[in-house]
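Heads up, the sequence shown is in our numbering, so the first residue is -9 and it goes up one at a time.
Even for Gly, the Cβ is constructed at its ideal location relative to N, Cα and C.
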Amino acid sequence: MYSIGDAVAYGTFGICKVTAIEKHDFSGKEKDYYILRHINSDKNTFYVPMDSEAALEKMHPICSKAEAEELISHMDSEEVIRIDNDILRKEEFSRIIKDADRHEIIRLIKTLYLRRRELAESGKKLRSTDELYLSLAENMLFDEFAYALDIGRDEVAEYIEKHIA
């Protein structure tokens, strides 16, 4: 259960604040909703039904500064994801984004950073699908780490890259 004022990660949308808990009738039946507003935009408001398991699974508490620092300090030991089959790799990356497990997202980012670096050495680029998943993973993790560490989002990538081999 979240309270008004709590910061949460909401799916791939980033960090939101619970600004209210209200009753609304959007489908012919009045329900309780968490009202979420993105911390960097007044334009994004989300109504999350409190009785919907699927909708609530998209909300996660923000990690603390200590948790973020611990996750980052262990990045170097995270195993990369090795899936050569494009379809299977896409399915795995999609599952990681959906599950929003921070360790798995870190593995995904590390895998794709290292792959991008390897491909760049031979004048090649990541596949567009891999770039998309990297972007989604970065948005999810970087926003949360920036919030937890009280640094700018643009500083997170550099901080993370220093911690991967």
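TODO: Quickly, what does DSSP pair Leu26 with across the bridge? List them, please.
DONE: Val8 and Phe36
Open item on the list: Can you tell me where the alpha helix (DSSP H) holding Ala127 begins and where it ends?
Closed with: Ser118 to Leu139
Task: Contact check, Met40 vs Tyr0, beta carbons under 9 Å - done: With contacts defined by Cβ atoms closer than 9 Å, Met40 and Tyr0 do not form a contacting pair.
Open item on the list: Determine whether the beta carbon atoms of Leu26 and Tyr37 lie at a separation below 9 Å.
Closed with: yes
Task: Those residues which DSSP pairs with Val(-2) across a bridge - done: Cys6 and Pro51
Task: Same chain only: Cβ atoms within 6 Å of Ile96, ignoring 5 sequence neighbours per side - done: Met65 and Glu68
TODO: Please report how far the alpha carbon of Lys7 lies from the alpha carbon of His28, in whole angstroms.
DONE: 6 Å
Task: Ala155 versus Leu109: straight-line alpha-carbon distance, rounded - done: Confidence in Ala155 is poor, its pLDDT being 47 and thus under 50, which makes the residue's placement too unreliable to answer from.
TODO: Below 7 Å CB to CB, which residues in the same chain sit around Thr101 once its five sequence neighbours on both sides are set aside?
DONE: Val70 and Ile71
Open item on the list: Assuming the contact rule is C-beta atoms closer than 8 Å, Ala58 and Phe135 should be a hit. Round their C-beta distance to whole Å, please.
Closed with: 5 Å
TODO: Compare the C-alpha of Lys80 against each of Arg92, His93 and Leu98 and name the closest.
DONE: Leu98
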